[in-house]
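One structure is given below, encoded as structure tokens.
Here is the structure:
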């Protein structure tokens, strides 16, 4: 395990609230790693709603295909569960992949007495090797016996791969006079290599929300959180986000997206998802800078996001940040290559509050020393105004350092 | 200047043929660099056809806008010229940018007695600083007096920035019984930072081809040459390719794209452009591997190219090559994220002649040692068969190394 990222939050893993209807267990199963937790199980009470978003990769791993099928066909009667292992991604393993899913989901179903199609699975680790399913299924009784409503942190640790710290976030929100809790955890540090660092996110709440409304809220919140971050522009075959609402809170069910409680819950959930998304970026492989990029004045919000990600994914922009070089010319380049409408002579760029470029040229008040001083900070903001419309978006990334090369080139898998 | 790239051709700069109707000169003007050639002038005889392709950046530099306008409105009567400086890109310099173009093009026009709109200009170097036009215009007489038909290599050296070697290529081809010559040179080593490493390409021939046919041939050849290479996925604001046909060869003019001579000439020009494109990749910043990626079995040629570039631009694929790691899982990942049709269970991958992955899983005959041995080579081939159609494309790239980070992060501009 590498040293903890310099961008890690100082307080360590947060104390997550208990979510009524959810219990966690984690064990050492030796899937690949030895001497550490590597399998986690979540037991979910009957009557819960479950929503999810997944990688758009065309080479999705078997566990992702399984979960998407579960959601598409609807939850069956009875309880549900989530089973996750680290050390083996069960990806690109041909027909063997779905066999591994069916065997492990089946074992969970039998152990907990639930329908196997109510078992959500995720795997992260090396690819192309068959999942050693028996190492997982042999731990079913230990997992069942270990289920506790206070075990979320162990579960968060069990799913780590190249992560340098466990990532958790929480919120509470009042919905029509009833306070509900939200607790979530995530793993991920490259964005994302299939053999090392898939992003997995699990969020739980006791709010009572029906399946359709929950899915709409989750899909919407994903756009501006997990789909607005990038470490290295690479997308895993296994990225998964699963949100569970147990409905144990003493409230009437939310059945409409326009219910004010849906809006309030959506805001709180968005906050938890954004915090987890930022924690993933802060654990980006080799990262020494956390960078927020806001693009205003684009033709549309979608155009603004494309420009923002073009900046965030540019190797030349990312290496400039690593070098603490206020190289605004590379930002101009990345805006230009994005392909969205831009007008060089209306373009403005700020580093923090410092106006660097204004209307197509370096600002007359800009001093290179000010930009260089600003770049020495650890959390940095870049704002771009394209000057051609009202669209805006914010994305988050980290810098590209020697350590990234060391992690990904010097290491032989 | 860095050490010469390990991927540089062993023979040095080729002896280029004289092209009747074209003369070259290069001088030390001290635009930014001292003690080296940094401005070059090409004099082009009356009656020549000139075609070009340029960066698609939305933040194109003033010289690019000027050249595109020249071509769109057609060549004026009389001779033509190309003026290029290194050390200053004349990019993102507001209104000052076009002033610099007009002053320098005007000086060339006056010195050679030609129309200023027949003067093509390109600039490469730092951005955001006004072009010191007087350092260039003060050298006009020296440039004119230095014009020689044998001076192409000096011209090629004058336009270098972070390049570690000058890049030239040539061909001769028989068109209807008449042998014509093609000679070209290029610069570029990042792909491409606006402050350092724009790609500029100039090719000359004595073939007699009309303007429209020449432009069609050049546009077509660009797709599978300069638009099929990538070093770091970044696109300059200044990339320019200008092809000049002087028509001095004793042949009837080619006036149709379907003329067999147009096909023969197009093949020869394509060869020169491809060689120059490869020379740019071989000088990629920090490169230690030259990588050819061929994608077959895609839905279309365009889809194949998108998949090929997704592989070629993936930081995780490029760092795996740097580490000599036969990490085919990262290639699966990059195929998946490209967004084009792919079927995991029909996918095959080769490293050179070694079948690595077959029909969605690692090939039963594949041995990791064979892949690792193959990766130790300097020129590498990856072939992918998507198994969903007949589309194919080939792209070229290099690896992503510590030296790339050193060049782009450790250096403060």
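Protein chains in written order, with the numbering used here: chain P, 1 to 413; chain A, 1 to 413.
No residue lacks a Cβ here, since even glycine has one placed at the ideal position from N, Cα and C.
These numbers were taken from a predicted model, which means no experiment stands behind them.
Any idea if residue i is buried or exposed, counting beta-carbon neighbours within 10 angstroms, 16 or more meaning buried?
| i | result |
| --- | --- |
| residue 412 (chain A) | Residue placement at residue 412 (chain A) is poorly supported in this model, since its pLDDT is 47, which falls under 50; the coordinates still yield a value, given next. Residue 412 (chain A) should be labelled exposed. |
| residue 252 (chain P) | exposed |
| residue 105 (chain A) | buried |
| residue 232 (chain P) | buried |
| residue 193 (chain P) | Bear in mind that the predicted position of residue 193 (chain P) carries a pLDDT of just 36, short of 50, making it unreliable; the figure below should be weighed with that in mind. Buried, since its Cβ has 16 or more Cβ neighbours within 10 Å. |
| residue 85 (chain A) | buried |
| residue 256 (chain A) | exposed |
| residue 195 (chain P) | Summary for residue 195 (chain P): the model assigns pLDDT 40, below 50, so the residue's position carries little reliability; its value from the coordinates is reported in the next sentence. Counting Cβ neighbours within 10 Å, residue 195 (chain P) comes out buried, since at least 16 surround it. |
| residue 405 (chain P) | buried |
| residue 162 (chain P) | buried |
| residue 35 (chain A) | exposed |
| residue 289 (chain A) | buried |
| residue 399 (chain P) | buried |
| residue 17 (chain A) | buried |
| residue 324 (chain A) | buried |
| residue 308 (chain P) | buried |
| residue 1 (chain P) | The pLDDT assigned to residue 1 (chain P) is 45, lower than 50, so where the model puts this residue is not dependable, and the model offers no usable value. |
| residue 191 (chain P) | Interpretation of residue 191 (chain P) is limited by its pLDDT of 48, a score under 50 that renders its predicted location unreliable; no figure is taken from the coordinates. |
| residue 7 (chain P) | buried |
| residue 416 (chain A) | Since the first residue of chain A shown is 1 and the last is 413, residue 416 (chain A) is not available in this structure. |
| residue 330 (chain A) | buried |
Ends of the beta strand (DSSP E) at residue i?
| i | result |
| --- | --- |
| residue 200 (chain P) | 200 to 205 |
| residue 119 (chain P) | 119 to 126 |
| residue 181 (chain P) | 178 to 187 |
| residue 386 (chain A) | Segment: none, residue 386 (chain A) is in no beta strand (DSSP E) and carries neither H nor E. |
| residue 23 (chain A) | 22 to 27 |
| residue 290 (chain P) | 290 to 298 |
| residue 153 (chain P) | From DSSP, residue 153 (chain P) is part of no beta strand (DSSP E) but of the alpha helix (DSSP H) over 152 to 158. |
| residue 248 (chain A) | Residue 248 (chain A) -> no beta strand (DSSP E), and no H or E assigned at all. |
| residue 175 (chain A) | 167 to 175 |
| residue 287 (chain P) | Here residue 287 (chain P) belongs to no beta strand (DSSP E), and DSSP marks it neither H nor E. |
| residue 256 (chain P) | Note, residue 256 (chain P): premise wrong, no beta strand (DSSP E); not H, not E. |
| residue 113 (chain A) | Looking at the DSSP string, residue 113 (chain A) is not in any beta strand (DSSP E), and its letter there is neither H nor E. |
| residue 397 (chain A) | 391 to 398 |
Locate the alpha helix (DSSP H) running through residue i, then write down its first and last residues.
| i | result |
| --- | --- |
| residue 372 (chain P) | 368 to 375 |
| residue 76 (chain P) | That residue, residue 76 (chain P), is in no alpha helix (DSSP H); it is neither H nor E in DSSP. |
| residue 222 (chain P) | 211 to 223 |
| residue 269 (chain A) | 260 to 282 |
| residue 40 (chain P) | From DSSP, residue 40 (chain P) is part of no alpha helix (DSSP H) but of the beta strand (DSSP E) over 39 to 44. |
| residue 137 (chain A) | 133 to 137 |
| residue 146 (chain P) | 140 to 146 |
| residue 33 (chain P) | Taken as a continuous stretch (DSSP letters only), residue 33 (chain P) belongs to no alpha helix (DSSP H), as it is neither H nor E. |
| residue 403 (chain P) | 402 to 405 |
Assuming residue i and residue j form a contact by the criterion Cβ under 8 angstroms, report the distance between their Cβ atoms to the nearest whole angstrom.
| i | j | result |
| --- | --- | --- |
| residue 347 (chain P) | residue 335 (chain P) | 7 angstroms |
| residue 248 (chain A) | residue 49 (chain A) | Contact doesn't hold; Cβ gap of about 12 angstroms is too wide. |
| residue 332 (chain A) | residue 24 (chain P) | Not a contact, Cβ separation roughly 32 angstroms. |
| residue 269 (chain P) | residue 182 (chain P) | 6 angstroms |
| residue 322 (chain A) | residue 5 (chain A) | With a Cβ gap of about 14 angstroms, residue 322 (chain A) and residue 5 (chain A) do not count as contacting. |
| residue 173 (chain P) | residue 203 (chain P) | So it is not a contact: roughly 13 angstroms between Cβ atoms. |
| residue 40 (chain A) | residue 159 (chain A) | 6 angstroms |
| residue 392 (chain A) | residue 295 (chain A) | 6 angstroms |
| residue 131 (chain A) | residue 90 (chain A) | 4 angstroms |
| residue 229 (chain P) | residue 396 (chain P) | 5 angstroms |
| residue 372 (chain A) | residue 409 (chain P) | 14 angstroms between Cβ atoms; not a contact. |
### Task
Name, going along the chain, the residues of the stretch 83 to 97 of chain A whose beta-carbon falls closer than 9 angstroms to a beta-carbon of chain P.
89, 91, 92, 93, 94, 95, 96 and 97
### Task
Select from the stretch 31 to 54 of chain A all residues with a C-beta closer than 7 angstroms to any C-beta belonging to chain P, and list them in chain order.
Here the close residues number zero.
### Message
Please give me, in chain order, every unbroken run of the beta strand (DSSP E) with length at least 3 that falls completely inside the stretch 314 to 373 of chain A.
### Response
Runs of the beta strand (DSSP E) inside the stretch 314 to 373 of chain A: 348 to 351 and 354 to 358.
### Query
Curious, which full-length beta strand (DSSP E) runs of at least 3 residues does the stretch 46 to 99 of chain P contain?
Complete beta strand (DSSP E) runs here, min 3: 49 to 54 and 80 to 88.
### Contact list for the stretch 350 to 370 of chain A against chain P, Cβ threshold 8 angstroms
357, 359, 360, 361 and 362
### Task
With 9 angstroms as the limit, tell me which residues of the stretch 319 to 343 of chain P have their beta carbon closer than that to any beta carbon of chain A; keep them in chain order.
319, 320, 321, 322, 323, 324, 325, 327, 328, 329, 330, 332, 333, 334, 335, 336, 337, 338, 339, 340, 341, 342 and 343
### Task
Give, in chain order, every residue of the stretch 287 to 320 of chain P whose Cβ lies closer than 8 angstroms to some Cβ of chain A.
313, 314, 315, 316, 319 and 320
#### Entry: the stretch 115 to 127 of chain P: positions lying closer than 9 angstroms to chain A by Cβ
126 and 127
### Task
Using a Cβ-Cβ cut-off of less than 8 angstroms, list which residues of the stretch 261 to 289 of chain P approach chain A; keep chain order.
none
### Message
Please identify, using Cβ separations under 7 angstroms, the residues of the stretch 202 to 213 of chain A that lie next to chain P, in order along the chain.
### Response
none
### Within 9 angstroms of chain P by C-beta, residues of the stretch 235 to 251 of chain A in sequence order
Using a CB distance below 9 angstroms, the part of the stretch 235 to 251 of chain A facing chain P consists of 235, 236 and 237, ordered along the chain.
### Task
Please name the residues in the stretch 370 to 387 of chain P whose beta-carbon is closer than 7 angstroms to at least one beta-carbon of chain A, in chain order.
none
### Task
Taking only beta carbons into account, state which residues of the stretch 391 to 411 of chain A come closer than 9 angstroms to chain P, listed in chain order.
399, 400, 401, 402, 404, 405, 406, 407, 408, 409, 410 and 411
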